[in-house]
Amino acid sequence: MRAYQSEYQQSIQHPETFWAEQARRVPWFKPPETILSYDEHGHARWYADGELNTCHVALDHHVESGRGDQPAVFWDSPVTGGRRTLSYRELRDQVATFAGALAGLGVEKGDRVVIYMPMVPEALVAMYACARLGAVHSVVFGGFAPHELAMRIEDAEPKVVIAASCGIEVDNVIAYKPIIDKALAQSTHQPAACVILQRDQAQADLGSIDHDWQVLVENAAPADCVPVKGTDPLYILYTSGTTGKPKGVVRDHGGHAVAMHYSMERIYGMAPGEVFFSASDVGWVVGHSYIVYAPLILGCTTVVYEGKPVRTPDAGAFWRLIAEYRIKAFFTAPTAFRAIKKEDPDGKWLEKYDISCLRTLFLAGERLDPPTFHWLDDLLDVPVVDHWWQTETGWAIAANLQGLEPMPIKAGSATVPVPGFNVQVLNRQAEPAADHEQGSIVIRQPLPPGCLAGIWRDPQRFHQAYMAAFPGCYLTGDGGYFDEEGYLFIMGRTDDVINVAGHRLSTGEMEEVLGAHPAVAECAVIGILDNLKGQVPLGLVIPKDGYNGDPQTLEKELIAKVREQIGPIACLKQILVVSRLPKTRSGKILRKLLRTIADGNEFSMPSTIDDPTSLQEVHEHMMSCEVGASHQARQV
Numbered sequence: 001m002r003a004y005q006s007e008y009q010q011s012i013q014h015p016e017t018f019w020a021e022q023a024r025r026v027p028w029f030k031p032p033e034t035i036l037s038y039d040e041h042g043h044a045r046w047y048a049d050g051e052l053n054t055c056h057v058a059l060d061h062h063v064e065s066g067r068g069d070q071p072a073v074f075w076d077s078p079v080t081g082g083r084r085t086l087s088y089r090e091l092r093d094q095v096a097t098f099a100g101a102l103a104g105l106g107v108e109k110g111d112r113v114v115i116y117m118p119m120v121p122e123a124l125v126a127m128y129a130c131a132r133l134g135a136v137h138s139v140v141f142g143g144f145a146p147h148e149l150a151m152r153i154e155d156a157e158p159k160v161v162i163a164a165s166c167g168i169e170v171d172n173v174i175a176y177k178p179i180i181d182k183a184l185a186q187s188t189h190q191p192a193a194c195v196i197l198q199r200d201q202a203q204a205d206l207g208s209i210d211h212d213w214q215v216l217v218e219n220a221a222p223a224d225c226v227p228v229k230g231t232d233p234l235y236i237l238y239t240s241g242t243t244g245k246p247k248g249v250v251r252d253h254g255g256h257a258v259a260m261h262y263s264m265e266r267i268y269g270m271a272p273g274e275v276f277f278s279a280s281d282v283g284w285v286v287g288h289s290y291i292v293y294a295p296l297i298l299g300c301t302t303v304v305y306e307g308k309p310v311r312t313p314d315a316g317a318f319w320r321l322i323a324e325y326r327i328k329a330f331f332t333a334p335t336a337f338r339a340i341k342k343e344d345p346d347g348k349w350l351e352k353y354d355i356s357c358l359r360t361l362f363l364a365g366e367r368l369d370p371p372t373f374h375w376l377d378d379l380l381d382v383p384v385v386d387h388w389w390q391t392e393t394g395w396a397i398a399a400n401l402q403g404l405e406p407m408p409i410k411a412g413s414a415t416v417p418v419p420g421f422n423v424q425v426l427n428r429q430a431e432p433a434a435d436h437e438q439g440s441i442v443i444r445q446p447l448p449p450g451c452l453a454g455i456w457r458d459p460q461r462f463h464q465a466y467m468a469a470f471p472g473c474y475l476t477g478d479g480g481y482f483d484e485e486g487y488l489f490i491m492g493r494t495d496d497v498i499n500v501a502g503h504r505l506s507t508g509e510m511e512e513v514l515g516a517h518p519a520v521a522e523c524a525v526i527g528i529l530d531n532l533k534g535q536v537p538l539g540l541v542i543p544k545d546g547y548n549g550d551p552q553t554l555e556k557e558l559i560a561k562v563r564e565q566i567g568p569i570a571c572l573k574q575i576l577v578v579s580r581l582p583k584t585r586s587g588k589i590l591r592k593l594l595r596t597i598a599d600g601n602e603f604s605m606p607s608t609i610d611d612p613t614s615l616q617e618v619h620e621h622m623m624s625c626e627v628g629a630s631h632q633a634r635q636v
């Protein structure tokens, strides 16, 4: 770990020197002289007096440097049968023209633009066009409910809304225009215009403020890149908040560009000209960072995929993409592979494709449980790399750095803190935890470039949510521990630690045990209220396809396994065998919502849920099995 330790210590002990060196690798209009400064709230800001433009960094610079004919984007859409390739020059030209069209609608530097689009190349064009003008984009996941869209429009106050006429799911076409109309009817803020990309699958009826994308660009003159300060906002991305009001995470131009360039080389081991595939969505932070911006900032080719890991058309979808586009590094969420594992537990679909081009598989978005890691590790001949990060940080906090010093992989660990992130684990006394002692994970100031610059128009909320709990530190909200070799283990959100008769137990550890059973494809463990012990764990498991065993026998085997490996103190005595688990569209299991249901509290259908029927099924199953509150009532 000598090379890693040297670079990491330099980044922590001399952050200004370290990040000044990294900034020199990005094309600036005016290189920064002030590398690190602090705002009035004591939060780190990077490259305050530098001037650049993210669109220039990612597109114009590469065209000017001779990369204009290289593919910038491969678009693959099994749900429509469509495919397109855009070179750097073609993408630059489309972005410049659309930026000119937006300018014609009055969009200027500092204005906000809300983007509500599916996974089509025009979503990238819209985002880069905003960046080109110095406007601030806020992408909302296509298909979000009108109320959720309305809240984001009210908070961001966009001058223009950009949308497609529809999005396409596995077996459904979702018309977007009626959702937009309902959202605007609920919003006190009204944009000056809406731009609609018409798709053949569902054409939209246009209203008085609506403009057809194609008609608009036909009469537009290309716009040049507008220089912006390093600390000027690039985008607002809304993430869930405990108050019900979404938090608008703000990302800046300068620190973001430097962090994306550094991470592509150091974390993902990529080089210009290579193909990178992130199976996410532009509505999520992964899509922003590693579909739209980072690959093109480095000069790679990015894959934009409008499809699912399964059922579009089969469980070999990812392997096909890797083989056809000669992908070097692939990044997705563990839940995607759990879905593939469920349908193809023996990996038969992989045998149909030559994926010898693949160098590394990266997973993030939720904890990579050891059973899923081992399944992939046995299946593939490349490193399976877990890494940990958040919407707020914008890039990985901990990883196995493939472009610096690849390290031995430990199942269940995100490996080591990335240079720039001063990660510490604090115990309940706010003191550094001992090796293997679980605690709250924090990052000491200064946060490195690329992390959130604040919450949109709410600095007090930023401080209270992230900085108040441990002064001088950013609170990640995740719990975990370091081992004796400095490897970091993320055990889940701190509210996923349950208190059973005074004993604090990690549900992540129990999930490891359940997931290791050969019949289990996916699982979740939640803590539910108990009259005697305060909380007790409840397990929910999805069997692999083709499993024909008796659910009661499986339940007994799993309970015995937890008792054997964790001990009777775990008190796991009830397991539900289910066909699906409710998840967000980004693949995270809605554990907090499951706890709410089990505890008998009122709940509403979250806007982020991928399939509402999965929640209904689990709810009915809990009630029929007298789980949680129902079981308590029967005991009384």
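Sequential numbering of the sequence shown, starting at 1, is according to UniProt numbering.
Where is the CB? At the ideal position from N, CA and C, for every residue including glycine.
Cutoff 7 angstroms; reference residue i; Cβ partners in own chain excluding five residues on either side
i, result
"E511", "D369, C523, A524, V525"
"V217", "T97, F98, A101"
"D354", "A323"
"G347", "L379"
"R84", "W75, P121"
"R92", "L59, D60, V63"
"V442", "Q424, L426, F470, C473, Y474, L475, T476"
Three-way DSSP call (helix, strand, coil) for residue i in this model
i, result
"M491", "strand"
"F331", "strand"
"T242", "Unreliable positioning characterises T242 in this predicted model, as indicated by a pLDDT of 49, which lies under 50. A coordinate reading is not provided."
"H14", "coil"
"E274", "coil"
"E626", "coil"
"A197", "The sequence shown places Leu at residue 197, not Ala. Three-state DSSP puts L197 in a strand."
"C451", "coil"
"R84", "strand"
"Q616", "helix"
"H137", "strand"
"P551", "helix"
"A163", "strand"
"C523", "strand"
"T415", "strand"
"Y268", "coil"
"I340", "helix"
"Q635", "Confidence at Q635 is low in this model, with a pLDDT of 36, below 50, so the placement of that residue is unreliable and no value is reported for it."
Continuous beta strand (DSSP E) stretch holding residue i: start and end
i, result
"R251", "247-252"
"F74", "71-77"
"I566", "First-last for I566: undefined, no H or E at that position."
"I209", "That residue, I209, is in no beta strand (DSSP E); it is neither H nor E in DSSP."
"G539", "534-543"
"Y116", "112-116"
"F482", "473-482"
"Y305", "301-305"
"V577", "575-577"
"L36", "36-38"
Beta-carbon separation (whole angstroms), residue i vs residue j, contact threshold 8 angstroms
i, j, result
"L124", "V292", "5 angstroms"
"E484", "M1", "Between M1 and E484 the Cβ distance is about 13 angstroms, and since that is not below 8 angstroms, they are no contact."
"G439", "G479", "7 angstroms"
"G472", "R444", "6 angstroms"
Residue-level contact to chain C via CB, residue i, 8 angstroms cutoff
i, result
"T231", "Absent here is chain C; the protein component of the structure consists of one chain."
The alpha helix (DSSP H) enclosing residue i, as first and last residue numbers
i, result
"P371", "370-379"
"P518", "Premise fails: P518 is in no alpha helix (DSSP H) and is neither H nor E."
"H147", "146-156"
"C130", "121-133"
"L298", "294-298"
"L184", "177-186"
"L321", "317-325"
"R45", "Taken as a continuous stretch (DSSP letters only), R45 belongs to no alpha helix (DSSP H), being part of the beta strand (DSSP E) at 44-46."
"Q460", "459-462"
"W284", "It is not in any alpha helix (DSSP H) - W284 carries neither H nor E in the DSSP assignment."
Residues that DSSP places opposite residue i in a beta bridge
i, result
"K583", "I589"
"S440", "L426, G479"
"I236", "V250"
"F362", "F331, V385"
"L529", "Q535"
"P432", "L426"
Neighbourhood of residue i by C-beta distance below 6 angstroms, restricted to the same chain and skipping five residues each side
i, result
"A204", "S165, K177, I196"
"H619", "I597"
Contacting residues, own chain, Cβ-Cβ under 8 angstroms from residue i (five flanking each side not counted)
i, result
"V170", "V79, K308, R311, T312"
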